[in-house]
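Trainee: Here it is, the structure in full.
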Amino acid sequence: MKNLYFTSEKPEVFNRAFLSGDAVKVSFFIRNSKLIMDEESYFFLMASMRKMRLNIPLTYTLEFFQNLFTSKVILENGVENGIINLMVYRNSDGITWSKSSVSYYFEVTEITDVLSISSRPLELDLIKEINVNHNLLSNIRVHCPENIYAEIYAQENDLDDVILLNPNKRIARSVKGNLLFLEGDVIKIPKQSEGAYISPLMENFVTYLHKNNLADVQEHEIIAFESQKAEEILLISDEEGIFSVKKIRNKTFESSRFSDLVETWKNSFQ
191 MKNLYFTSEK PEVFNRAFLS GDAVKVSFFI RNSKLIMDEE SYFFLMASMR KMRLNIPLTY
251 TLEFFQNLFT SKVILENGVE NGIINLMVYR NSDGITWSKS SVSYYFEVTE ITDVLSISSR
311 PLELDLIKEI NVNHNLLSNI RVHCPENIYA EIYAQENDLD DVILLNPNKR IARSVKGNLL
371 FLEGDVIKIP KQSEGAYISP LMENFVTYLH KNNLADVQEH EIIAFESQKA EEILLISDEE
431 GIFSVKKIRN KTFESSRFSD LVETWKNSFQ
């Protein structure tokens, strides 16, 4: 099935998403014909819109998006499992940009199960030519030319993704999402202050592990070399799903322990 695309109205070429990348993106998740983690995703959307000074319509309630996705995606198109990538963008109709109206666009990608690790392990490498910032806007999904450059770099070097560093040469994230490093009994994740994304999907996973004492999850400042010390690496992308990292340069990684943890987490939703 081809990806599904929806808009709130006919897009105009002078909208600021097209002209300036003036938009925010947030993912919603469908599993077994139901929305899951919809509250977390909705609150992340509201926070992202506030950070970008987007005018939030009174109609943009949690119930509005629940009804929109349920009717358009699940009922009308029969999507049982997938990721909804929603973009809210600023129009050019206000006296000031903060007073301009907003519109939305979203696309739906069907996947087998958003809570399962993909059968396709990834090969990554570090990219040092560029870095990503670690400020207020670094944690939300907004236009990022560094992502575009890094994605093309990965394609040209036969990689699935690349690890992006912040100006302090510490690990921030990858192009696709956040990285989790398993070393001994500890799962290390880069701090949001290091440039990591806010991720409802990852936060649900690590919160579950913490509450059930399944792992010692710690936020760290992680230097690039530590990626080679990890025993297993997991990549969680709100846009694309969950992946195990198989290889970084000459180092290969296992995936059995993360697989067991993800499976236990997945079963908690049933």
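Start counting the sequence shown at 191; every next residue gets the next number (the working numbering). Virtual Cβ for every residue (Gly too), placed ideally from N, Cα, C.
Quick check on DSSP: helix, strand or coil for L248?
Mentor: Sequence index remark: in the sequence shown, residue 248 carries index 58 (1-based). Three-state result, L248: coil.
Trainee: Give me, in chain order, the residues of the same chain whose beta-carbon lies closer than 7 Å to that of K241; leave out the 5 immediate sequence neighbours on both sides.
Mentor: As a working note, residue 241 is residue 51 in the sequence shown. So the qualifying residues of the chain are L326, L327, I330.
Trainee: Candidates V365, V304, R310: which alpha carbon is nearest C334's?
Mentor: The residue labelled residue 334 in the question sits at position 144 within the sequence shown. The option with the nearest alpha carbon to C334 is V365.
Trainee: Does the distance from the C-beta atom of N281 to that of S293 stay below 8 Å?
Mentor: For the purposes of this step, residue 281 is identified with residue 91 of the sequence shown, where counting begins at 1. For the purposes of this step, residue 293 is identified with residue 103 of the sequence shown, where counting begins at 1. Yes, they are a contact pair.
Trainee: Where does Y387 sit, in a helix, a strand or coil, going by DSSP?
Mentor: Position 197 of the sequence shown, counting from 1, holds the residue named residue 387. The answer is coil: DSSP assigns Y387 none of H, G, I, E or B.
Trainee: Rounded to whole angstroms, what is the Cα-Cα separation between S223 and D351?
Mentor: Along the sequence shown, one-based indexing puts residue 223 at 33. Along the sequence shown, one-based indexing puts residue 351 at 161. Roughly 30 Å between the two C-alpha positions.
Trainee: What is the DSSP secondary structure of E199, reduced to helix, strand or coil?
Mentor: Along the sequence shown, one-based indexing puts residue 199 at 9. Here E199 sits in coil by DSSP.
Trainee: Rounded to a whole number of angstroms, what is the C-alpha to C-alpha distance between I413 and W287?
Mentor: What you label residue 413 is simply residue 223 of the sequence shown in a count that begins at 1. What you label residue 287 is simply residue 97 of the sequence shown in a count that begins at 1. In a straight line, the C-alpha of I413 is about 39 Å away from that of W287.
Trainee: So is H400 buried or exposed if we call it buried at 16+ other beta carbons inside 10 Å?
Mentor: Along the sequence shown, one-based indexing puts residue 400 at 210. Result: exposed.
Trainee: Based on Cα-Cα distance, which residue from L404, D375, Y398, I361 lies nearest to Y387?
Mentor: Locating residue 387 in the sequence shown gives position 197, where the first residue counts as 1. Nearest option by C-alpha distance: I361.
Trainee: How would you write the range of the alpha helix (DSSP H) that F448 sits in, first residue to last?
Mentor: The count along the sequence shown starts at 1 and reaches residue 448 at position 258. Here the alpha helix (DSSP H) through F448 covers 446-457.
Trainee: Which of the three DSSP states, helix, strand or coil, is assigned to E176?
Mentor: Any question about residue 176 goes unanswered here, given that the chain covers just 191 to 460.
Trainee: In chain order, which beta strand (DSSP E) runs of at least 3 residues are fully inside the region 279-341?
Mentor: As far as the region 279-341 is concerned, its whole beta strand (DSSP E) runs of at least 3 residues are 292-300, 312-317.
Trainee: Alpha carbon to alpha carbon, how far is N440 from L451? Give it in angstroms, no decimals.
Mentor: As a first step, residue 451 must be located in the sequence shown, where it is residue number 261. As a first step, residue 440 must be located in the sequence shown, where it is residue number 250. Going by the C-alpha atoms only, they are around 26 Å apart.
Trainee: Starting from A362, trace the beta strand (DSSP E) both ways and give me its first and last residue.
Mentor: Counting from one through the sequence shown, the residue named residue 362 turns up at place 172. 361-364 is the extent of the beta strand (DSSP E) around A362.
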